[in-house]
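Peer 1: Please see the structure below; I have some questions.
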Amino acid sequence: MSFSLKNAEIISKARFKAIPLRPQSAVCLRVEIQNNTVKTDMTKAEIIAEISNKTGLEKVDVQETVEAFFKVVKNSMIGGENVYVRGFGSFVVKKRAEKTARNISKNTAIIIPEHFVPSFKPAKVFVEKVKNGNK
Numbered sequence: 007m008s009f010s011l012k013n014a015e016i017i018s019k020a021r022f023k024a025i026p027l028r029p030q031s032a033v034c035l036r037v038e039i040q041n042n043t044v045k046t047d048m049t050k051a052e053i054i055a056e057i058s059n060k061t062g063l064e065k066v067d068v069q070e071t072v073e074a075f076f077k078v079v080k081n082s083m084i085g086g087e088n089v090y091v092r093g094f095g096s097f098v099v100k101k102r103a104e105k106t107a108r109n110i111s112k113n114t115a116i117i118i119p120e121h122f123v124p125s126f127k128p129a130k131v132f133v134e135k136v137k138n139g140n141k
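Structure follows, in structure tokens:
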């Protein structure tokens, strides 16, 4: 999502690494100024609004669909299954081997057991489009 500097409340054209989303919130939002526009990261609510605007469906229906998609992906990965979306990428469960780590404050060795972590690997087509689109 992007908008022009005229609409933004940014006085200077300096680069901002992060700004608070709300003064009372710890959540930060990345802001970059390129070609007189401000680019921000998208939230799930903004994705739902964008899909709703493009398809003409109600936001509630789109939200239910997006939530159902995330639930299916999470449950599949919890069950040890990978999820492949052609042209987008793969949600993969990766195995981390057992390893020995050090607690430097107590100077002791800790054994971290073998475990699994979720991972996302973008498709080659997707990576190429991002590389060519961010110029």
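Each number in this note's numbering corresponds to the 1-based position in the sequence shown with 6 added.
Beta carbons: idealized from backbone N, C-alpha and C, even for Gly.
Given the structure is predicted, the values throughout are model-derived calculations rather than measurements.
Specify, as a first and last residue, the run of the beta strand (DSSP E) that N88 falls within.
Peer 2: Position 82 of the sequence shown, counting from 1, holds the residue named residue 88. No beta strand (DSSP E) holds N88; DSSP gives it neither H nor E.
Peer 1: Examine the Cβ distances between the stretch 61-77 and the stretch 100-114 and report whether three or more of them are shorter than 8 Å.
Peer 2: Verdict: no, contact absent.
Peer 1: Since I118 is in the beta strand (DSSP E), which residue starts that stretch and which ends it?
Peer 2: By 1-based counting over the sequence shown, the position of residue 118 is 112. Taken as a continuous stretch (DSSP letters only), the beta strand (DSSP E) holding I118 covers 114-118.
Peer 1: Cβ of I116 within 7 Å of any heavy atom in the ligand GTP?
Peer 2: The model on display carries no ligand, and the ligand GTP is accordingly not part of it.
Peer 1: Kindly indicate the opening and closing residues of the beta strand (DSSP E) around T61.
Peer 2: Here residue 61 is taken as the residue at index 55 of the sequence shown, counted from 1. From DSSP, T61 is part of no beta strand (DSSP E) but of the alpha helix (DSSP H) over 50-61.
Peer 1: Helix, strand or coil for G139 per DSSP?
Peer 2: Position 133 of the sequence shown, counted from the start, is the residue given in the question as residue 139. Reduced to three states, the DSSP call for G139 is helix.
Peer 1: Need the endpoints of the beta strand (DSSP E) that G95 sits in, please.
Peer 2: Translated into the one-based positions of the sequence shown, residue 95 becomes position 89. Run containing G95: 95-102, per the beta strand (DSSP E) assignment.
Peer 1: Would you decide whether I54 is buried or exposed? Buried here means 16 or more other CB atoms lie within 10 Å of its CB.
Peer 2: For the purposes of this step, residue 54 is identified with residue 48 of the sequence shown, where counting begins at 1. With 16 or more other Cβ atoms within 10 Å, it is buried.
Peer 1: Which residue or residues does DSSP assign as beta-bridge partners of V81?
Peer 2: Position 75 of the sequence shown, counting from 1, holds the residue named residue 81. The amino acid occupying residue 81 in the given sequence is Asn; Val does not appear at that position. The partner list for N81 (beta bridge, DSSP) is empty, contrary to what the question assumes.
Peer 1: Just to confirm my understanding: we take K12, look at its own chain, exclude 5 residues before and 5 after, and list those with CB closer than 8 Å. What are they?
Peer 2: Counting from 1 along the sequence shown, the entry for residue 12 is found at position 6. Low confidence applies to K12: its pLDDT is 41, below 50, so where it sits in the model is not reliable enough to give any reading.
Peer 1: Hey, quick one: how far does the beta strand (DSSP E) through S111 stretch, first residue to last?
Peer 2: On the sequence shown, position 105 is the one that residue 111 refers to. Note, S111: premise wrong, no beta strand (DSSP E); not H, not E.
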